[in-house]
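Residue numbers (the working numbering), protein chains in the order written: chain U, 9 to 311; chain D, 48 to 349. Virtual Cβ for every residue (Gly too), placed ideally from N, Cα, C. Encoded as structure tokens, the structure appears first; notes follow it.
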Amino acid sequence: MRGFIGLSKRNILLYAKDVQAIFFSLLTSIIIFGLYLLFLKGNLLNSIESALGGLESLITHEECEMLVSGLMLTGVLGSALITVPFSCLSTIVRDRENRIDYDISATPMRRWQIILSYFVSAAICAVVVTSLLLTVGLFILSGSGELYLSTGMLLASYGVVLFGALSATAVFMVIVLFFRTQSACGAFSGILSAVGGFVIGAYLPISEFSEGIQTLCCLFPASHVTILLRNTLLNGMLDHMNEAVKGLDNGMFVTAIRDAFTFKAKLFGESFSCEQMVTYIGVVTIVAVAAMTQVYRKSYKRK
Amino acid sequence: MKEVIRVERLKKKYKEHLAVDTISFSVEEGELFAFLGENGAGKSTTINILCTILERTEGKVSICGYQLGKEDDAIRSQIGIVFQNSVLDNKLTVKQNLYTRGAYYGLSKKEIAARLEEFEEHFELNEIVNRKYEKLSGGQRRRVDIMRALIHNPRILFLDEPTTGLDPKSRKLVWDYIHYLRREKQMTIFLTTHYMEETKDADHVVILDKGRIICQDTPAKLKSQYTSNRLVWYTEQSEEAENILAELGDGKLTYEADHYRVHVKSSVTEFLYKHRDKIVDYEVIKGTMDDVFLNLTGKELV
């Protein structure tokens, strides 16, 4: 157990001490935030306010702004849950390329302890960094207005972060085990950062894509995680808007917002409820963990 | 003395390439055992097999009485390895590196702290303990690498070309540590190197070429068997001098700048005494391990 803790601690320290690694692992989130400040906020706000159709007196501009900011926050969190665990897991590739894995293999640590420590350390880094982002994000939002976030939903958001971190770490672990060089891993990381934001609907709502692309995006558990975060963080705000309208539109405005900003994952035209999304993420994670143990055994067999 | 490593007909094959070809040897407790050969001779492959990192193709290996392949965990706790390239983390301090590595062996913080105190006495650890590994000089890094390998107090220390790339001062420092470990701790040292002079203090030398052992013995015996001494006579070139040297009967006579050089198989005392009035300015150079390697393989180590 001490070996497992020691290796996990070492992996976490390596990530925490590398300021550049932290910065680049959050680059997609930073870009999303930058784009939000530059034009995304204005664009989304215009779309929402133009959809109000006479409800302007009941739903205020500030409330619409809070909704847009909340959407941005879910994009920032969703992308961090992709890039941070991947960045941490790149330690495996670095260790392999620099033959540090030889040193670890020559100790009495069990093979399962070695793989588990890489997994746990990456998941811990992802949970800590994303939870910090969530906390800071909520703190800033609370200074701008009311988010109508219940304690239950707040805790559920942190729960989604934990679940998302575990899921992303398991999936990326399988991928990372195939990389032999840091340059290949870095190239993949670049692709991941560029594509990840689109897949989770951080730049553009997934609903704007064709059904095929929507299905493709929703095959990735990261999209489900981001959609779950949208639900936990913004359902309170949408419910409040719906109450403010007092049934004048038969709930059409809020339904339209939920559809437009993808509050439900769509796979092959079928909408997934939150429970179904949780199940989907869980199944993919379990499959990834099973695959990970097989791939690790094969990739670390020194023939 | 007790045998701590026994290797019987060890083979390692990578697809069609036979990296280690049916080698057998044994190492006794407390020995400095040197594995000699040029790059690609199979030294590191053998070390990696003995250290449970690589799987062997054929053969039997036992280390400290434990069978390789069956009792690997027990073997791992008995050995320490200094790899050819450093395997510590640049971004971590020396202390963090040693604490995390100690934990791999199941050591508690208290036990690691006690080991670090021991190291302080001989490795001057305090001056570098809080510095990042990447900020250390080559010699300091090697010092930390050795401490890392010794953190769990192993019975056998494997050193895979520990002085490659080091400046002479750092090389001397590393060798001082190795001698200290042998002298004070009676530790068994298994060394691979391609620096011939580093094997002069070894108890046993194995020379490897293309994966095969071409000879093994003590340095003294190898030198007496595979080298000859050289007599260097500083004199002007003349027929008379060449006739005198011809008495040695070796035939390998050369003249360079201001001296004759001749290989001599037997003792030259009598010869020098006989010609003491003519051979005044001379030196007898003993055969070296470089000569052993050159004579055995026809190649020189770089």
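Checklist line | CA-to-CA distance, residue 155(U) to residue 147(D), given in whole angstroms | finding: Walking along the second sequence from the start, residue 147(D) turns up at place 100. Walking along the first sequence from the start, residue 155(U) turns up at place 147. Rounded to whole angstroms, residue 147(D) to residue 155(U) spans 44 Å at the Cα level.
Next item on the list: Assuming residue 19(U) and residue 138(U) form a contact by the criterion Cβ under 8 Å, report the distance between their Cβ atoms to the nearest whole angstrom.
Entry: Numbered from its first residue, the first sequence carries residue 19(U) at position 11. Numbered from its first residue, the first sequence carries residue 138(U) at position 130. No, residue 19(U) and residue 138(U) are not in contact; Cβ-Cβ is about 17 Å, not under 8 Å.
Note to self: What does the alpha-carbon distance come out to for the pair residue 218(D) and residue 186(D)?
What the structure shows: By 1-based counting over the second sequence, the position of residue 218(D) is 171. By 1-based counting over the second sequence, the position of residue 186(D) is 139. The alpha-carbon atoms of residue 218(D) and residue 186(D) are separated by roughly 7 Å.
Check: With respect to the alpha helix (DSSP H) encompassing residue 231(D), which residues constitute its N-terminal and C-terminal limits?
Finding: Position 184 of the second sequence holds residue 231(D). Note, residue 231(D): alpha helix (DSSP H), 215-232.
Checklist line | For residue 310(D) and residue 275(D), believed in contact at Cβ under 8 Å, the rounded distance | finding: As a working note, residue 275(D) is residue 228 in the second sequence. As a working note, residue 310(D) is residue 263 in the second sequence. Correct: roughly 5 Å between the Cβ atoms.
Next item on the list: For residue 267(U), collect the residues of the same chain with a Cβ closer than 8 Å to its Cβ; drop the 5 residues on either side in sequence, then sort them by chain order.
Entry: By one-based count along the first sequence, residue 267(U) stands at place 259. Excluding sequence neighbours, residue 267(U) sits near 215.
Notebook entry, point to check: Within 9 Å (strictly less), CB to CB, does residue 138(D) reach chain U?
Noted result: Translated into the one-based positions of the second sequence, residue 138(D) becomes position 91. Yes, residue 138(D) lies at the interface with chain U (some Cβ there is under 9 Å from its Cβ).
Next item on the list: Give the single residue among 269(U), 240(U) and 297(U) whose Cα lies nearest to the Cα of residue 163(U).
Entry: By 1-based counting over the first sequence, the position of residue 163(U) is 155. Nearest of 269(U), 240(U) and 297(U) to residue 163(U), Cα basis: 240(U).
Check: Just how far apart, CA to CA, sit residue 126(D) and residue 118(U)?
Finding: Numbered from its first residue, the second sequence carries residue 126(D) at position 79. Numbered from its first residue, the first sequence carries residue 118(U) at position 110. Between residue 126(D) and residue 118(U), the C-alpha separation is close to 16 Å.
Notebook entry, point to check: When you check each C-beta in the region 177-194 of chain U against every C-beta of chain D, which residues fall closer than 9 Å?
Noted result: none
Notebook entry, point to check: Out of 120(D), 155(D), 113(D) and 180(D), which has the shortest C-alpha to C-alpha gap to residue 136(D)?
Noted result: Position 89 of the second sequence, counted from the first residue, corresponds to residue 136(D). Out of 120(D), 155(D), 113(D) and 180(D), 180(D) has the C-alpha closest to the C-alpha of residue 136(D).
Note to self: Judging by CA-CA distance, which residue of 67(U), 236(U) and 212(U) is the nearest neighbour of residue 89(U)?
What the structure shows: Along the first sequence, read from residue 1 onward, the residue named residue 89(U) stands at position 81. Taking only the C-alpha atoms, the option nearest residue 89(U) is 236(U).
Check: By the criterion of Cβ-Cβ separation under 9 Å, what are the contact partners of residue 106(U) in chain D?
Finding: Position 98 of the first sequence, counted from the first residue, corresponds to residue 106(U). Within 9 Å Cβ-Cβ: 132, 133 and 134.
Check: To the nearest angstrom, how far is it from the Cα of residue 12(U) to the Cα of residue 245(U)?
Finding: One-based indexing of the first sequence puts residue 12(U) at position 4. One-based indexing of the first sequence puts residue 245(U) at position 237. Near 43 Å, if we compare the C-alpha coordinates of residue 245(U) and residue 12(U).
Notebook entry, point to check: What alpha helix (DSSP H) runs, 4 residues minimum, are completely inside the region 286-327 of chain D?
Noted result: 286-293 and 316-321
Next item on the list: Answer yes if the region 224-232 of chain U comes into contact with the region 277-292 of chain U, meaning at least three C-beta pairs across the two stretches below 8 Å, and no otherwise.
Entry: yes
Next item on the list: For residue 11(U), go through chain D and note every residue whose CB falls closer than 8 Å to its CB, in chain order.
Entry: The residue you call residue 11(U) lines up with position 3 of the first sequence. Within chain D, the residues near residue 11(U) are 150, 151, 152 and 153.
Check: What residues from chain D crowd round residue 115(U), counting only those whose CB sits closer than 7 Å?
Finding: Numbered from 1 along the first sequence, position 107 holds the residue referred to as residue 115(U). In chain order: 123, 151 and 152.
Notebook entry, point to check: Cβ of residue 294(U) less than 9 Å from any chain D Cβ?
Noted result: In the first sequence, counting from the first residue as 1, residue 294(U) sits at position 286. Chain D, which has no Cβ nearer than 9 Å to the Cβ of residue 294(U), makes this no.
Item checked: Spatial neighbours of residue 264(D) in its chain, beta-carbon cut-off 8 Å, leaving aside the 5 residues before and after -> Reading the second sequence from its first residue, position 217 is the one you call residue 264(D). So the list reads 251, 252 and 272, once near-sequence residues are dropped.
Checklist line | alpha helix (DSSP H) segment containing residue 81(U), residue limits | finding: Along the first sequence, read from residue 1 onward, the residue named residue 81(U) stands at position 73. Looking at the DSSP string, the run of the alpha helix (DSSP H) that includes residue 81(U) is 69-105.
Checklist line | Beta-carbon neighbours of residue 4(U), restricted to chain D and to distances below 7 Å | finding: Here chain U covers residues 9 to 311 and nothing more, so residue 4(U) does not appear.
Item checked: Bounding residues of the beta strand (DSSP E) (the contiguous stretch that carries residue 31(U)) -> Sequence index remark: in the first sequence, residue 31(U) carries index 23 (1-based). From DSSP, residue 31(U) is part of no beta strand (DSSP E) but of the alpha helix (DSSP H) over 27-33.
Checklist line | Spatial neighbours of residue 349(D) in its chain, beta-carbon cut-off 8 Å, leaving aside the 5 residues before and after | finding: Taking the first residue of the second sequence as 1, we reach residue 349(D) at position 302. For residue 349(D), the predicted model reports a pLDDT of 46, less than 50, meaning its position is unreliable; a value from the coordinates is still stated below. Correct list, in chain order: 85 and 241.
Item checked: residue 276(D), enclosing beta strand (DSSP E) - first and last residue -> Residue numbering aside, residue 276(D) sits at position 229 when the second sequence is read from its first letter. 276-281 is the span of the beta strand (DSSP E), which, as asked, contains residue 276(D).
Note to self: If the cut-off is 7 Å on Cβ atoms, which residues from the region 96-125 of chain D count as contacting chain U, listed in chain order?
What the structure shows: 98, 99, 100, 101, 102, 120, 123 and 124
Next item on the list: Check residue 106(D) in the structure and name its three-state DSSP category.
Entry: Numbered from its first residue, the second sequence carries residue 106(D) at position 59. If DSSP states are grouped into helix, strand and coil, residue 106(D) belongs with the strands.
Item checked: the region 100-107 of chain U in contact with the region 73-90 of chain U per 3-pair CB rule at 8 Å -> no
Next item on the list: Compute the beta-carbon to beta-carbon distance between residue 141(U) and residue 37(U), rounded to the nearest angstrom, for a pair I have assumed lies under 8 Å.
Entry: Here residue 141(U) is taken as the residue at index 133 of the first sequence, counted from 1. Here residue 37(U) is taken as the residue at index 29 of the first sequence, counted from 1. Yes, residue 141(U) and residue 37(U) are in contact; Cβ-Cβ is about 7 Å, under 8 Å.
Notebook entry, point to check: How about residue 203(D): is its C-beta nearer than 9 Å to some C-beta of chain U?
Noted result: The residue you call residue 203(D) lines up with position 156 of the second sequence. Judged by the 9 Å Cβ criterion, residue 203(D) is not in contact with chain U.
Note to self: Is it the case that the region 72-90 of chain D contacts the region 225-238 of chain D, given that we only count it when at least three CB pairs across the two stretches are under 8 Å?
What the structure shows: yes
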